[in-house]
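J.: Before I ask anything, here is the structure I am working with.
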Amino acid sequence: ISAAAHPAGHHVVLWGRDAAQVDAMARSRANPRYLAGVTFPTSLLLQSGDAREAWRDADLVVLGTPMAALRAQLAALAEAGCTAPVAWLCKGVEPASGLFPHEVQAEVGPRLRAGLLSGPSFALEVAQAQPTALVAASADAEVRERLVAAFHGPALRVYGNDDVTGVEVGGAVKNVLAIATGLADGLALGLNARAALITRGLTEMTRLGIALGGRAETFMGLSGLGDLVLTATGHLSRNRRVGLLLAEGQTLDEAVRSLGHVAEGVNCARAVVQRARQLEVEMPIAEAVVGLLDGRLRPADAVAALMAREPAQEI
Ligand SMILES: NC(=O)c1ccc[n+]([C@@H]2O[C@H](COP(=O)([O-])OP(=O)(O)OC[C@H]3O[C@@H](n4cnc5c(N)ncnc54)[C@H](O)[C@@H]3O)[C@@H](O)[C@H]2O)c1
Ligand SMILES: O=P(O)(O)OC[C@H](O)CO
């Protein structure tokens, strides 16, 4: 995403916590482990050390960490009195608390001018400047405008949306559903089953999102249906890969270890189901994913349980 901001003519600093890694990237102008074949723009400045040096004069701060690191990063910005808009890219819930990103921000940095970027976007394709459409979500119109100004360009279309809850629920629940479709595809349950999981999964996402205060239309947009289709079917998805590995017979620990990357859906599943139960929202597919991840259900039992549900009206 740092590379994506470059064609828009901005001065971009990529800060990383691992000095050796940042040094290696600065020398090679590449990150072969994550972004194979991508060369960084010559103007992209790479920095480590004191993060405040990187964002002190920034017009916009973008946090590209997993959910587990969001609280500490936001707290540091809040404590240092950051006045620039701050946006996160993570999708999911905080593992320790089950909170969505904007809820974490409300706890640690309520005065930050905050927003997020979401939508169907594998990092590799964004870095390759493949055409991509994203959502800039914030309750603050100026933050949305700043994000659009920073990233909208020849390869990225950025749409605004003020429904932060809806956008974040979509980004979290699609991870859980991608595990489910990965499992179904790994078990060769067929294309009909995959389409059914995506569609009924979208219904679950929408029900939960509305119960949490999101708007129905958001779930039909890029951060809902769009990201669900991408993550549930795209071979670059880590969450889908977890499902495929479970279908091969790996345990959850083995699957997460062999993945070697963060798969937010593993933490999301339990938190999403817990929220749904509290709100009396039915989410049978997400419930089945939790049963599978916890080792309480075997894949065949999960399929049988979902198929044995009472007939119901579609809407
Ligand atoms: N990779 C993608 O295609 C993609 C696309 C859209 C959104 N996301 C979301 O973005 C988030 C990050 O995903 P990723 O694939 O970039 O993960 P990642 O594991 O590659 O981590 C991203 C960066 O965060 C750093 N980091 C990790 N823990 C940290 C900490 N405690 N403090 C500071 N930095 C820390 C890592 O060193 C790394 O540089 C996830 O929530 C993911 O769902 C990823
Ligand atoms: O690789 P995943 O499953 O974390 O998905 C990455 C992005 O969220 C896709 O939009």
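Numbering of the sequence shown is given in UniProt numbering, commencing with residue 17 and proceeding in unit increments.
The beta carbon of each residue, even a glycine, is placed where N, CA and C say it ideally should be.
Can you give me the start and stop residues for the beta strand (DSSP E) that Ala103 sits inside?
T.: To locate residue 103, count along the sequence shown from 1; it is residue 87. Note, Ala103: beta strand (DSSP E), Val102 to Trp104.
J.: Put Val77 into one of helix, strand or coil per three-state DSSP.
T.: By 1-based counting over the sequence shown, the position of residue 77 is 61. Reduced to three states, the DSSP call for Val77 is strand.
J.: Quick one: what does DSSP say Arg312 is sitting in, helix, strand or coil?
T.: Numbered from its first residue, the sequence shown carries residue 312 at position 296. Of the three classes helix, strand and coil, the one that applies to Arg312 here is coil, per DSSP.
J.: Considering only DSSP beta bridges, list what Ser134 is partnered with.
T.: Looking up residue 134 in the sequence shown gives position 118. DSSP, once it has assigned bridges, lists Val151 as partnering Ser134.
J.: Out of Ser18, Arg314 and Glu141, point me to the one whose CA is closest to Gln266's CA.
T.: Within the sequence shown, residue 266 is the residue found at index 250, counting from 1. That would be Arg314, whose Cα lies nearest to the Cα of Gln266.
J.: Report yes if the C-beta distance between Val282 and Leu309 is below 8 Å; otherwise report no.
T.: For this step, residue 282 is matched to residue 266 along the sequence shown. For this step, residue 309 is matched to residue 293 along the sequence shown. Cβ atoms of Val282 and Leu309: closer than 8 Å.
J.: Using only alpha-carbon positions, find the residue among Leu275, Ala155, Phe138 and Ala153 that is nearest to Pro147.
T.: In the sequence shown, counting from the first residue as 1, residue 147 sits at position 131. Considering only alpha carbons, the answer is Phe138.
J.: At the level of alpha carbons, what is the spacing between Ala145 and Ala171?
T.: Locating residue 145 in the sequence shown gives position 129, where the first residue counts as 1. Locating residue 171 in the sequence shown gives position 155, where the first residue counts as 1. Near 5 Å, if we compare the C-alpha coordinates of Ala171 and Ala145.
J.: Scan the stretch 18-62 and note each continuous alpha helix (DSSP H) run of 4 residues or more that stays entirely inside, going in chain order.
T.: Within the stretch 18-62, the complete alpha helix (DSSP H) runs of at least 4 residues are 18-21 and 35-44.
J.: Within the chosen definition, does the stretch 33-48 reach the stretch 103-110 through at least 3 CB pairs nearer than 8 Å?
T.: No, because fewer than three Cβ pairs between the stretch 33-48 and the stretch 103-110 fall closer than 8 Å, the two stretches do not touch.
J.: Exposed or buried, what is Ser154 when buried is set at 16 or more other beta-carbons lying within 10 Å of its beta-carbon?
T.: What you label residue 154 is simply residue 138 of the sequence shown in a count that begins at 1. When all chains shown are included, Ser154 counts as buried.
J.: Tell me whether Arg286 counts as near ligand 1, meaning its Cβ is closer than 7 Å to at least one heavy atom of that ligand.
T.: By one-based count along the sequence shown, residue 286 stands at place 270. False, no ligand heavy atom lies under 7 Å from that Cβ.
J.: Among Leu207, Val185 and Leu261, which one has its Cα closest to the Cα of Val289?
T.: Mapped onto the sequence shown, residue 289 falls at position 273. If we check each option's Cα against that of Val289, Val185 comes out closest.
J.: Between Cys98, Gly217, Val78 and Gly240, which has its C-alpha nearest Arg160's C-alpha?
T.: On the sequence shown, residue 160 is found 144 positions in, with the first residue counted as 1. For the residues Cys98, Gly217, Val78 and Gly240, the minimum Cα distance to Arg160 belongs to Val78.
J.: Do the CB positions of Val258 and Ala279 come within less than 8 Å of each other?
T.: Your numbering for residue 258 matches position 242 in the sequence shown. Your numbering for residue 279 matches position 263 in the sequence shown. Contact: yes.
J.: Would you kindly report the start and end of the unbroken beta strand (DSSP E) that includes Leu172?
T.: Your numbering for residue 172 matches position 156 in the sequence shown. Leu172 -> beta strand (DSSP E) spans Leu172 to Asn177.
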